[in-house]
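Written below as structure tokens is the structure these notes are about.
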Amino acid sequence: MTVTETHGGGTPEPENAAPAARRAWWRSLLADRAAAPAMLLLMAIVLAALFAPLIAPHDPNANSRAIMQPPVWSERGTAEYLLGTDSQGRDILSRALYGTRLTLLIGLVAIGIGGVIGSTLGLLSAMYRRIDPWIMRINDMMLSFPAILLGLALVAVAGPGVLPVIVALGIASIPDCARIARSIGIGVMGQEYIEAGRAVGLSDWAIFRRYLLRNSISSIMIFLSLRFGQIILIGAALSFLGLGARPPTSELGMMAAQGRDTLMFAPHIATIPSVVIFVIVLCANITGDALRDVLDPRLQT
Amino acid sequence: MTALLKTEGLTKHFPVRRGVLRRQVGTVQAVTDVSFELGSNETLAIVGESGCGKSTLGRALLRLHEPSGGKVWLQDMDVTALDKRGLREARRHMQIIFQDPFGSLNPRMTVRETLAEPLLLHGLATPATVRAETDRLIDLCGLSRWHAERYPHEFSGGQRQRVGIARALATRPKLIICDEPVSALDVSVQAQIVNLLQDLQSELGIAYVFISHDLAVVRHIAGKVAVMYLGRVVEEAATEDLFDAPRHPYTRILIDSAPRPDPTAIRHRLPVKGGTPSALAMPPGCAFHPRCPLAIDRCRSVRPELRQVGQSRVACHLAEKVVGMEAGRAEAENPALTRRLAVLERARAGSA
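Top line first, the protein sequences correspond to chains A and B. If you use the UniProt record's numbering, the first sequence closes out at 301, no skipped numbers anywhere. If you use the UniProt record's numbering, the second sequence closes out at 352, no skipped numbers anywhere.
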């Protein structure tokens, strides 16, 4: 062959040289002053929730005679119950650990359901413009049901419990996710490499999987990570309304609801789970924002 | 001899739809009634200004845009009659190189994955041999092997275009549509890519349909040139004939208006007025008549068909008149073209 001059300049690099760009996003994420602590905190919360059975000092459902003990830092607090006890004498720290576990689980499963179904619909819409109006009109209809209302309706049919709440939250996040996935997908479908893939002779399925999905997934994940905070909030709200987990199971929203009656003389019972919810949602949002800044190529110049 | 690629009356019209009911309110006549033949190992250039339908024609040839009318034959195979499955298999024989080297490669696939895809798809390599095959393509297109595990964003424009060419070559096609393959590159890289394409042609006997608006490059690479205006071929001729004796007023104006450092060097320039009419509302008669300095009444009412004039095919009532006109071989004296052709030649000599 006559054309063998190399283009690229410089000396050949060793085969295992790690691509610079892939390390870079981790670095810039850790360099982000808001994101790094938020991610660490979120990670700590997730670990604590995961290992709740090992960490929790008490059985979360065991009553004791120490009723409405204040947390350790107040005057009458004891080291026995670090975050105090509720109106039935249950250890709030243990309940919060188990509650976080359930709250995170509800959020994750719901966002999983909504994310998978929603982005599949959205990406199909982007790929097959013929069915796009139909999917999107159905989507608009779903969008007009608030998640809380959907949850109420489902619970009315299936009875209160964790599962109906998860299903309701999952369904409620489908339309938003479908919209985002569609707009991301339309951007990807407009790229010339899609046409290049067709010119090579790829099937629709291969184009969907290797071209459309691979190029949309990171943007969709960023959206989902932002959405995760909202889902947890709505889930907690549903539990607060008495639609979610059934007593004595602990769930953060339900714990807040139970503390409502004693808010005047034992405010910590309602406040502590609320603060945990607040921190989780805040960290999830900050992390999602930072991920978007770092990963979303459309925001880079 | 049967032609490698043959089109008959190839047409692509895009409906324009508006409103909730998607009613058709108009038609963009992107490509209308294009017929030509191309032998193997030949290069046909398609030139014209932006929006004249060059790229649409290229994509209609491959059915990346489904033609609205006409036929395309690749040797004995009627491309326009293939079903979806047959078309996918036929894609092996006809490939495309895109204009934008930044947008035409999947950013999430390494060069090796990109090149392996067509090989595995069309059964030209097995998972066991695919590594050797992709290495061969990488060598063939002047890339280095350590490029293989890298992602497109790590390359320069010229290198990416080489990857695009390697991908097009992977299936050993008989025909490659080059859709402005060098327009997005700077001049020195253009020369490298053009030379690469020429070397590959002489080595592998591929036919090119070379879509471009750059007359210097076209003159360098093409054996035949078809000039398009508003979706129709207005002149088709051997490259030398076309540049020496343009027979359509539009061709002449196109050649005259190629950019040059010293615009005053051109004498006897045909005046051109106005801009391109919309492909949504075609003028009656000859599509070029509103801008043509020579237009007569007949041009405004009767559309000229392509007809044989000398060695060329021309769609102009006044073709005989144009060639005799004293517009004076302006292009041949054009210093910019001459210089760039010299650069191309030098680069070519250097790489040989």
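Here a beta-carbon is modelled for each residue, glycine too, at the ideal position from N, C-alpha and C.
Next on the checklist: By alpha-carbon positions, which one of B:214, B:229 and B:162 ends up nearest to residue 196 of chain B?
Outcome noted: Measuring from the Cα of residue 196 of chain B, the nearest candidate turns out to be B:162.
Item to check | Where the region 213–239 of chain B meets chain A: residues whose CB sits under 9 Å from a CB there | outcome: Only those residues of the region 213–239 of chain B whose C-beta falls short of 9 Å from the nearest C-beta of chain A would be listed, and there are none.
Checklist entry - Would a C-beta distance cut-off of 8 Å place residue 137 of chain B and residue 157 of chain B closer than the cut-off? => result No, these two residues do not count as a Cβ contact at 8 Å.
Checklist entry - Whole-angstrom Cβ separation of residue 82 of chain B and residue 175 of chain B, contact assumed at under 8 Å? => result Rounded, the Cβ-Cβ distance is 15 Å, inconsistent with contact.
Checklist entry - Taking the C-alpha atoms as reference points, what is the distance between residue 224 of chain A and residue 112 of chain A? => result Computed Cα separation, rounded: 9 Å.
Checklist entry - Does DSSP put residue 86 of chain A in a helix, in a strand, or in coil? => result Looking at residue 86 of chain A - three-state DSSP - the assignment turns out to be coil, as it is neither helix nor strand.
Checklist entry - Which whole-angstrom value describes the C-beta separation of residue 49 of chain A and residue 104 of chain A, a residue pair presumed to lie in contact below a C-beta threshold of 8 Å? => result The distance from the Cβ of residue 49 of chain A to that of residue 104 of chain A is about 5 Å, consistent with a contact at the 8 Å cut-off.
Checklist entry - Taking the C-alpha atoms as reference points, what is the distance between residue 146 of chain B and residue 108 of chain B? => result Using only the alpha carbons, I get a separation of about 18 Å.
Checklist entry - Per DSSP, what kind of secondary structure is residue 15 of chain B in: helix, strand or coil? => result Strand, per DSSP.
Item to check | Outcome for residue 330 of chain B when other beta-carbon atoms lying within 10 angstroms are tallied against a minimum of 16 | outcome: Summary for residue 330 of chain B: the model assigns pLDDT 44, below 50, so the residue's position carries little reliability; its value from the coordinates is reported in the next sentence. Buried, by the Cβ-count rule.
Checklist entry - Which same chain residues, not among the five before or five after residue 166 of chain B, have their C-beta less than 6 Å away from its C-beta? => result Around residue 166 of chain B: 115, 137 and 141.
Checklist entry - Is residue 340 of chain B helix, strand or coil by DSSP? => result Reduced to three states, the DSSP call for residue 340 of chain B is helix.
Item to check | 8 Å contact criterion, which residue 230 of chain B and residue 279 of chain B should meet: CB distance rounded | outcome: The pair is a contact, with the Cβ atoms about 6 Å apart (cut-off 8 Å).
Checklist entry - Can you tell me whether residue 43 of chain A is buried or exposed, with buried defined as 16 or more other CB within 10 angstroms of its CB? => result The residue in question, residue 43 of chain A, is exposed, as its Cβ has fewer than 16 Cβ neighbours within 10 Å.
Checklist entry - Buried or exposed: residue 207 of chain B, going by 16 or more other Cβ atoms within 10 Å of its Cβ? => result Buried: at least 16 other Cβ atoms inside 10 Å.
Checklist entry - Measuring from the CB of residue 42 of chain B, is there a heavy atom of the ligand GDP at a distance below 7 Å? => result Ligands in the displayed structure: none, and consequently the ligand GDP is not present.
Item to check | Continuous alpha helix (DSSP H) stretch holding residue 192 of chain B: start and end | outcome: Taken as a continuous stretch (DSSP letters only), the alpha helix (DSSP H) holding residue 192 of chain B covers 187–204.
Checklist entry - What are the residues of the region 117–140 of chain B that lie near chain A, defined by any Cβ-Cβ distance shorter than 9 Å? => result The region 117–140 of chain B vs chain A, Cβ under 9 Å: 117, 118, 121, 122, 139 and 140.
Item to check | Contact belief for residue 86 of chain A with residue 68 of chain A at Cβ below 8 Å, rounded distance in angstroms | outcome: That pair is a contact at about 7 Å.
Next on the checklist: So residue 193 of chain A contacts chain B; which residues on that side make the cut at Cβ distance below 8 Å?
Outcome noted: Listed along the chain, the chain B residues whose CB falls inside 8 Å of the CB of residue 193 of chain A are 103, 104, 105, 106 and 107.
Item to check | Sufficient close CB pairs (3 or more, under 8 Å) joining the region 271–291 of chain B to the region 45–56 of chain B | outcome: Taking 8 Å as the limit for Cβ pairs, the verdict is that the region 45–56 of chain B does touch the region 271–291 of chain B.
Item to check | With 16 other Cβ atoms within 10 Å as the buried cut-off, status of residue 159 of chain B | outcome: Around the C-beta of residue 159 of chain B, 16 or more other C-beta atoms lie within 10 Å, and the residue is accordingly described as buried.
Item to check | Integer Cβ distance of residue 272 of chain B from residue 293 of chain B, believed to fall under 8 Å | outcome: Your pair residue 272 of chain B and residue 293 of chain B checks out as a contact, with CB atoms roughly 7 Å apart and the cut at 8 Å.
Next on the checklist: According to DSSP, is residue 312 of chain B part of a helix, a strand, or is it coil?
Outcome noted: The three-state reading of DSSP puts residue 312 of chain B in strand, counting E and B together.
Checklist entry - Can you list, in chain order, the residues of the region 30–44 of chain B whose Cβ is nearer than 8 Å to any Cβ on chain A? => result Within the region 30–44 of chain B, no residue has a Cβ that lies closer than 8 Å to any Cβ of chain A.
Item to check | At least 3 beta-carbon pairs within less than 8 Å: the region 189–209 of chain A vs the region 254–264 of chain A | outcome: No, because fewer than three Cβ pairs between the region 189–209 of chain A and the region 254–264 of chain A fall closer than 8 Å, the two stretches do not touch.
Checklist entry - What are the boundary residues of the beta strand (DSSP E) that includes residue 37 of chain B? => result Segment 23–38, the beta strand (DSSP E) holding residue 37 of chain B.
Checklist entry - Nearest chain B C-beta to residue 311 of chain A closer than 8 Å, yes or no? => result The requested residue 311 of chain A is not part of the displayed model; chain A covers only 1 to 301.
Item to check | Supposed contact pair residue 173 of chain B and residue 93 of chain B - C-beta distance, whole angstroms, cut 8 Å | outcome: About 5 Å; that satisfies the 8 Å criterion.
Checklist entry - If we cut at 8 Å on Cβ distances, does residue 92 of chain B have a partner in chain A? => result At a cut-off of 8 Å between beta carbons, residue 92 of chain B contacts chain A.
Checklist entry - With a cut-off of 8 Å, does the C-beta of residue 126 of chain A fall near any C-beta of chain B? => result No, its Cβ sits nowhere closer than 8 Å to a Cβ of chain B.
Item to check | Under the three-state DSSP convention, the category residue 274 of chain B falls into | outcome: DSSP places residue 274 of chain B in coil when its eight states are reduced to three.
Next on the checklist: Report the start-end ranges of each alpha helix (DSSP H) in the region 34–109 of chain B that is 4 residues or longer and not cut off at the edges.
Outcome noted: For the region 34–109 of chain B, the full-length alpha helix (DSSP H) segments reaching 4 residues or more read 54–61 and 84–90 along the chain.
Item to check | Rounded C-alpha distance that separates residue 32 of chain B from residue 298 of chain B | outcome: Using only the alpha carbons, I get a separation of about 21 Å.
Item to check | Bridge-paired residues (DSSP) for residue 211 of chain B | outcome: The beta-bridge partner set that DSSP reports for residue 211 of chain B consists of B:46 and B:179.
Checklist entry - Name the chain A residues that come within less than 9 Å of residue 64 of chain B, Cβ to Cβ? => result Within chain A, the C-beta atoms nearer than 9 Å to that of residue 64 of chain B come from 195, 198 and 199, in chain order.
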